[in-house]
Every structure is written in C-alpha cells, then in structure tokens.
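Sequential numbering of the sequence shown, starting at 968, is according to the numbering used here. Even for Gly, the Cβ is constructed at its ideal location relative to N, Cα and C. Note that the structure is predicted; figures quoted are calculated from it, not measured. All remarks here apply to the structure that follows.
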Amino acid sequence: MEPQKYLVNVNLTSMMEFVLLGFSDIPNLQMFLFVMFLFIYVIILMGNGIIILITRTDQTLQTPIYFFLGNFSFLEICYTPMYFFVGNFSLLEICYVSVTLPRMLTSLGTQRRTISLAACATQMCFILTLGATECFLLAVMAYDRYAAICNPLHYPLVMNHKVCIQLVAGSWISGIPIQIGQTCQIFSLPFCGSNLINHFFCDIPPMLKLACGDTFLNEMLVFTVAVLFVLIPFLLILVSYGKIISTILKLPSATSRGKAFSTCSSHLMVVALFFGSAIVTYLRPKTQGSAETDKVLSLFYTIVTPVFNPMIYSLRNKDVMMALRKWPGKHLRSLKK
968 MEPQKYLVNV
978 NLTSMMEFVL
988 LGFSDIPNLQ
998 MFLFVMFLFI
1008 YVIILMGNGI
1018 IILITRTDQT
1028 LQTPIYFFLG
1038 NFSFLEICYT
1048 PMYFFVGNFS
1058 LLEICYVSVT
1068 LPRMLTSLGT
1078 QRRTISLAAC
1088 ATQMCFILTL
1098 GATECFLLAV
1108 MAYDRYAAIC
1118 NPLHYPLVMN
1128 HKVCIQLVAG
1138 SWISGIPIQI
1148 GQTCQIFSLP
1158 FCGSNLINHF
1168 FCDIPPMLKL
1178 ACGDTFLNEM
1188 LVFTVAVLFV
1198 LIPFLLILVS
1208 YGKIISTILK
1218 LPSATSRGKA
1228 FSTCSSHLMV
1238 VALFFGSAIV
1248 TYLRPKTQGS
1258 AETDKVLSLF
1268 YTIVTPVFNP
1278 MIYSLRNKDV
1288 MMALRKWPGK
1298 HLRSLKK
C-alpha cells in the first residue's frame, strides 16, 4: 500500500496510532521480502534454538573440565563457561528478533502497517531493553575470555557457576528501569503532522523525527543512555581484547597463537556486527544519515547478528560441532527408552 493512502486521517489518528512504512517504497518486492524474511526468521529460531538445546543438555558443554596450566593449554578453558553465555545469548537473539520480525512479516503479508501507540511503545521498550542486554552479555563474554587467557590459574575461582549466573542475571535486568524510563520519555513528546514512521519497527531516531518542537534535551538523553549501554561496554570489550592480544603475542608457538586468535575471532565478529551498526545509529548526530540508512543499519543489529550467531559460535567451535554430531543419536536413544 502506498504511504500517501495513510495521510487522509492523520489528524484523527496521529495520537492513537502510527504507520510503519517499512519497505513500502519497493511495492513490487513485497512478496519476495515476505518469503525472504520468513525464511530468515525460521533459520534464526532453528539455529539459535539448537545452540540453546545442546548447551543445556550436553554435559561436556555444561561443566568446566578443561583448565589451563600454561600458555599452550589455555585454548579450551577459554571455551568452558562460554557455553553458558552463548546459550543465553542465543535465547536473547530469539527474543530480540521476535520483537521485530513477526510484525514486519504481518505488514508485508497483509499490507496493514498501522500500529497503536501502546503497541509501538511496547515494541520500542523491548527492543531497547534487549539491546542493552546484548551489549552487556557481549561485554561479559569478553571479560570471560580475558579471565581465561590472561589469568588461567585463577580462572576457575573467578568465573565459577555462581558468578556466571550473577553476570547473566545482571545483564538481563540492569537495563530494564532506564529503558522503560527512556521509552516513557520518548512517548511523552507531542506528535503532530504526519504519523508515518519511515522504519520497519518503532525505533528512537524515526520517532524523534515525528515529534513537535525542540527535541534537543531528548536527543541528549538518548545520547547519554547510548554512551552508558553501548559505548562503555564496547570500550570494555576493546580493553579486554587489547590485553588478550598482548598475552597471545607472547606465546612462543605460532600454532598456539593461531588457535588463540581463532578462538576469539568468533566473538569479535559478533561484536563488530552488533556494536558497529548500533554506535552509528544511536551516537551520530540527528542531522546526518537518512531513513534508508537507519533501516539498513537496523537490519544488522536486529536480524543479521541473530542469523550469524549460531553459525559463528558452532562452525568455528570443535566442541559444539562434536555435540551437534552426537545430539541426534542421543535424542533417538532417549526416544526408544
């Protein structure tokens, strides 16, 4: 449906509902986009679901069994409690993508793009909260690798099961009050004129463009929250990997260095995909960029990262691959019993 068709009743509905334009500017590709995003959604659910399943059921991926006593044996320790974080990360990805993709699929399939004010606020709140959780989890995973590689002898004490649970719980709940407050602050603004959101979900940048009056204070608050929840975790990750790389370079064996870099590269890929797009989206000036750029960047941290997460953490991990090979047989044996 053409965006102009929604403009008739803007004055009557602008305070009650919005219109998510999504990809309506390419009407000839609506069915293709529907099929493509549906396929992506199924892949995300299956891939991340399998990661969660094997990290919960395979005993070798639940208990830390490898400990590093020297520079040549720290590689396996770097993986041990990471399965706890990767499993939660996969669960987060499923929640994250389920906030955006089902509504996008509904819009593409039915061409009904309206969203109520309450639904829009709820969607934004979940996206912001889950985004903050992902930032914290990625920082926690970087700290885990730093502890494993740089302090291998103290690693079992530093990253015990209780600490892992506390770090994951903190990652999930610490951003909730601030992001609820930020959502309420955004939707307390007066909206006038057009109710067309040139995006595929209710995100902060396109919502601020619809607000009336001076939004400078609102933009400063968004910038401050982005620094706390995006930039600071990203800097902590960079510091952790700076120390990790320094330790790896001291290894005398080229083979050990190659394995160590391979171990950490999967996490760095996810960090680059997620933080790169999020930093550009939320920390650049409002006057820079366009709606189309925002949509492309949003695709990276809402869809591309969840798609590549299971591939990155499984194809580059021999223990996960071994667990994947064993799981069908183990599942069939349990069914026979």
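Whose CA, out of the options, lies closest to the CA of residue i?
i     : options                       : result
Q997  : L1072, L1020 and T1272        : L1072
L1235 : L1266, L1105 and K1293        : L1105
A1193 : S1233, Q1149, K1217 and K1210 : Q1149
P1069 : T1096, L1012, D1111 and L1097 : L1012
S1065 : L1240, V1274, Q1152 and M1289 : V1274
A1245 : F1190, V1107 and C1092        : F1190
E984  : S1213, C1169, L1198 and T1214 : C1169
T1272 : R1079, D992, K1129 and C1062  : C1062
V1197 : F1004, D992, S1083 and C1102  : C1102
T1089 : N1165, S1138, I1153 and K1210 : I1153
I1211 : L987, I1018, M1091 and P1119  : P1119
E1186 : H1166, W1139, R1251 and K1293 : R1251
I1082 : C1231, L987 and Y1249         : L987
K1293 : I1021, G1016 and S991         : I1021
S1138 : L1177, N1165 and G1098        : G1098
Q1078 : R1112, N995 and C1087         : N995
T1248 : H1166, C1087, C1231 and V1135 : H1166
I1116 : I1017, I1140, S991 and L1218  : L1218
L1205 : S1257, R1112, L1188 and I1270 : R1112
Which residues in the same chain have their Cβ closer than 6 Å to the Cβ of residue i, if we skip the five residues on either side of it in sequence?
i     : result
D1261 : P1172
C1179 : P1157 and C1159
F1242 : F1201
T1182 : L1175
L1291 : none
G1014 : P1277
I1094 : V1066
M1091 : T1150 and C1169
Y1008 : L1068
E969  : Note that E969 scores a pLDDT of 48, beneath 50, so its modelled location is shaky; the value from the coordinates is reported in the next line. Cβ within range, chain order: n/a, list empty.
Helix, strand or coil: which one does DSSP assign to residue i?
i     : result
T1081 : strand
F985  : strand
M1278 : helix
N1127 : coil
L1393 : Any answer about residue 1393 is impossible in this case: the structure gives the chain only from 968 up to 1304.
F990  : coil
P1069 : helix
S1233 : helix
R1292 : helix
R1112 : helix
P1252 : coil
S1257 : coil
Taking all protein chains shown into account, do 16 or more other C-beta atoms lie within 10 angstroms of the C-beta of residue i, making it buried, or fewer, making it exposed?
i     : result
E1259 : exposed
M1126 : buried
G989  : buried
T1100 : buried
V1263 : exposed
G1209 : exposed
R1080 : buried
H1128 : exposed
L1177 : buried
F1004 : buried
S1265 : buried
S1213 : exposed
I1018 : buried
S1074 : buried
S991  : buried
Contact criterion: CB-CB distance below 9 Å. Does residue i meet it with respect to chain D?
i     : result
T1067 : Looking at the structure shown, chain D is missing, and only one protein chain is on hand.
Once the 5 residues before and after residue i are set aside, which same chain residues still bring their CB inside 7 Å of it?
i     : result
G1076 : F1001
Y1110 : S1207
C1045 : The predicted model places C1045 with a pLDDT of 31, which falls under 50 and marks its position as unreliable, so this point remains unresolved.
Which same chain residues, not among the five before or five after residue i, have their C-beta less than 8 Å away from its C-beta?
i     : result
F1267 : L1240, F1241, G1243 and S1244
T1096 : G1142, I1143, Q1146 and I1147
Q1133 : none
I1010 : V1274
L1084 : M982, M983, E984, F985 and F1154
A1114 : H1121, Y1122, V1125 and M1126
L1203 : A1106, A1109 and Y1110
L974  : At L974, the pLDDT of 46 sits below 50, so the modelled position is not reliable and the matter cannot be decided from this model.
Does the distance between the C-beta of residue i and the nearest non-hydrogen atom of the ligand NAP fall short of 8 Å?
i    : result
D992 : Although the ligand NAP was asked about, the structure shown includes no ligands whatsoever.
Task: alpha helix (DSSP H) runs contained entirely in the region 1142-1219, provided each spans 4 or more residues - done: Here the runs fully enclosed are 1143-1154, 1171-1177, 1183-1193 and 1199-1216.
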